[in-house]
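Here is the structure we will look at.
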Amino acid sequence: KSGIMVGLGEERNEVLQLMDDLRTANVDFITIGQYLAPSRKHHAVIKFVTPDEFKSFETVAYTKGFLMVASSPLTRSSHHAGDDFARLRAAREKQLNKLA
Numbered sequence: 345k346s347g348i349m350v351g352l353g354e355e356r357n358e359v360l361q362l363m364d365d366l367r368t369a370n371v372d373f374i375t376i377g378q379y380l381a382p383s384r385k386h387h388a389v390i391k392f393v394t395p396d397e398f399k400s401f402e403t404v405a406y407t408k409g410f411l412m413v414a415s416s417p418l419t420r421s422s423h424h425a426g427d428d429f430a431r432l433r434a435a436r437e438k439q440l441n442k443l444a
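Per my numbering, the very first residue in the sequence shown carries number 345; after that it's consecutive.
Here's what the structure looks like:
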């Protein structure tokens with residue numbers, strides 16, 4: 345599992361390359377959320393990523409072979425971790441059954 349925050353000035357192609365790198369490392373669960381500055385002393389938000397862009401990241405991630413993707417402005421890596429890992433386990437079992 346790996347999680348990233350977007351809205352810090354990254355380009356779309358960098359996010360897609362990161363997805364490729366994670367899949368190469370056999371990561372099958374990714375979370376993508378919006379960076380929100382905790383205070384004015386922290387790095388500023390460069391861009392508020394739209395819900396459509398998050399949906400696009402989700403679609404691309406599944407196409408690249410991720411079994412579990414959580415991608416939305418309010419996604420956090422541990423917010424629904426228990427439920428997400430249960431869904432990931434089910435997706436892995438489904439994938440194994442296809443191979444059997």
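Note that CB positions come from ideal geometry on N, CA and C, so glycine has one too. On a predicted model such as this, the values are computed, not experimentally measured, just so you know.
Cβ-based burial, residue i [other Cβ within 10 Å; buried from 16]
i	result
Q361	exposed
I390	exposed
L366	buried
Bridge partners - residue i, DSSP secondary structure assignment
i	result
T375	G347, A414
DSSP-derived helix/strand/coil call for residue i
i	result
F392	coil
A405	helix
T419	coil
L454	This structure does not reach residue 454, given that the chain is present from 345 up to 444, and the question cannot be answered.
A369	coil
A435	helix
A430	helix
L360	helix
K385	coil
L440	helix
E397	helix
Contact check, residue i vs residue j, beta carbons under 8 Å
i	j	result
F392	S415	no
G377	L418	yes
A435	L411	yes
Neighbourhood of residue i by C-beta distance below 6 Å, restricted to the same chain and skipping five residues each side
i	result
L447	Residue 447 cannot be examined here, being either before or after the span of the chain that is shown, 345 to 444.
E402	V413, S415
Contact set for residue i: own chain, Cβ-Cβ below 8 Å, skip 5 residues either direction
i	result
S346	L366, V371, F373, I374, T375
A405	M363, I374, I376, V413, S415
G409	R367, D372
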